[in-house]
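Student: One structure coming up, written as structure tokens, with questions to follow.
Numbering (the numbering used here), first residue to last: 17 to 216.
Take a look at the structure:
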């Protein structure tokens with residue numbers, strides 16, 4: 017199945033991060049003073065950066081999905097008054113102003129930001145809002161605990177000043193591969209959902 021542009025862009029970022037980590041490791045092994053004295057700082061930064069890439073990907077992917085569904089809804093021949101009534105309920109009864117030719121979901125980037133998290137157990141209810149049951153997908157279940165451990169480590173670094181002394185350059189590279197696999201699972205599910213809805 018073809019990947020979304022959001023996936024391809026994020027994979028390039030992750031691959032660039034792996035190259036950076038590998039170069040850092042080489043400089044550390046070559047006794048470069050900067051990396052010899054501060055390798056732990058770099059490792060912590062790479063942990064934060066890879067999770068930032070994941071969160072950015074999740075936001076861009078879900079925004080893409082919501083926008084595609086919204087475009088299809090707006091273009092559909094279905095009566096928009098019915099959608100408005102469904103959403104507005106009592107308010108619609110009092111503000112019924114005749115036939116409505118336009119209905120939009122109205123979900124903004126801020127709405128996504130407020131509800132989305134890199135933590136897989138928080139991603140599950142967010143994707144449920146999109147009509148996607150992640151917990152029913154074996155590939156998601158197989159990898160979600162690993163992703164949660166990575167995100168938790170990042171949170172501990174950012175919020176609790178964890179020194180990440182148990183994480184090295186090789187761990188970063190392995191973690192990036194886990195996140196890339198996780199992104200593939202989510203991307204495949206979003207693409208499948210759009211295909212089921214017959215949305216390009």
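Note that CB positions come from ideal geometry on N, CA and C, so glycine has one too.
#1: Would you give the residue range spanned by the alpha helix (DSSP H) that residue 194 belongs to?
#2: Quick check on residue 191: buried or exposed, where buried means 16 or more other Cβ atoms within 10 Å of its Cβ?
#3: Measuring only the C-alpha atoms, how far is residue 174 from residue 200?
#4: Rounding to the nearest angstrom, what Cα-Cα distance links residue 93 and residue 214 in this structure?
#5: What do you reckon, is the C-beta of residue 122 under 8 Å from a heavy atom of the ligand GDP?
#6: In angstroms with no decimal places, state the Cα-to-Cα distance between residue 186 and residue 98.
#7: Mapping the DSSP letters down to three states, classify residue 97 as helix, strand or coil.
#8: Taking the alpha helix (DSSP H) that residue 40 belongs to, which residues open and close that run?
#9: Among the residues of its own chain, which have a CB less than 7 Å from the CB of residue 43, if the five just before and after it don't count?
#10: Taking residue 65 as the reference, which of 30, 138, 202 and 41 has the closest Cα?
#11: Which residues in the same chain have their Cβ closer than 7 Å to the Cβ of residue 164, if we skip the five residues on either side of it in sequence?
#12: In or out: residue 90 buried (at least 16 other Cβ within 10 Å) or exposed?
#13: Using the Cα positions of residue 152 and residue 209, report the straight-line distance between them to the nearest angstrom.
#14: Considering only residues of the same chain and omitting the five flanking positions on each side of residue 45, which have a CB-CB separation below 7 Å?
#15: With 16 other CB atoms within 10 Å as the buried threshold, where does residue 60 fall?
#16: Quick one: using the 10 Å Cβ neighbour count with 16 as the cut-off for buried, is residue 81 buried or exposed?
#17: Taking DSSP as the reference, what is the three-state secondary structure of residue 215?
#18: So, with DSSP's three-state summary, where would you put residue 133?
#19: Could you spell out the range, first to last residue, of the alpha helix (DSSP H) harbouring residue 105?
Tutor: In short, the structure shows the following:
#1: By one-based count along the chain shown, residue 194 stands at place 178. Its alpha helix (DSSP H) spans residues 185 to 212.
#2: Numbered from its first residue, the chain shown carries residue 191 at position 175. Residue 191 counts as buried, since at least 16 other C-beta atoms from the protein chains shown sit within 10 angstroms of its C-beta.
#3: If you number the chain shown from 1, residue 174 lands on position 158. If you number the chain shown from 1, residue 200 lands on position 184. Taking the CA atoms as reference points, residue 174 sits about 26 Å from residue 200.
#4: Counting from one through the chain shown, the residue named residue 93 turns up at place 77. Counting from one through the chain shown, the residue named residue 214 turns up at place 198. C-alpha separation (whole angstroms): 15 Å.
#5: With respect to small molecules bound, the structure shown includes none, and the ligand GDP cannot be examined in it.
#6: Within the chain shown, residue 186 is the residue found at index 170, counting from 1. Within the chain shown, residue 98 is the residue found at index 82, counting from 1. Residue 98 has its alpha-carbon roughly 55 Å from the corresponding atom of residue 186.
#7: Here the question's residue 97 lines up with position 81 in the chain shown. Residue 97: helix per DSSP, three-state reduction.
#8: Working through the chain shown from its first residue, we reach residue 40 at position 24. 21 to 45 is the span of the alpha helix (DSSP H), which, as asked, contains residue 40.
#9: Position 27 of the chain shown, counted from the first residue, corresponds to residue 43. Result list for residue 43: 51, in chain order.
#10: Within the chain shown, numbered from 1, the residue matching residue 65 stands at position 49. Closest option to residue 65, Cα to Cα, is 30.
#11: As a position in the chain shown, residue 164 is number 148, starting the count at 1. Closer than 7 Å at Cβ, skipping near neighbours: 135, 136 and 137.
#12: Indexing the chain shown from 1 puts residue 90 at position 74. When all chains shown are included, residue 90 counts as exposed.
#13: Within the chain shown, the letter at position 136 stands for residue 152. Within the chain shown, the letter at position 193 stands for residue 209. Distance between the alpha carbons of residue 152 and residue 209: 14 Å.
#14: If you number the chain shown from 1, residue 45 lands on position 29. Cβ within range, chain order: n/a, list empty.
#15: The residue you call residue 60 lines up with position 44 of the chain shown. Classification for residue 60: buried.
#16: Here residue 81 is taken as the residue at index 65 of the chain shown, counted from 1. Label assigned to residue 81: buried.
#17: The count along the chain shown starts at 1 and reaches residue 215 at position 199. For residue 215, the three-state secondary structure derived from DSSP is coil.
#18: Taking the chain shown and counting its residues from 1, the one referred to as residue 133 is at position 117. The answer is coil: DSSP assigns residue 133 none of H, G, I, E or B.
#19: What you label residue 105 is simply residue 89 of the chain shown in a count that begins at 1. In this chain, residue 105 is not harboured by any alpha helix (DSSP H), its DSSP state being neither H nor E.
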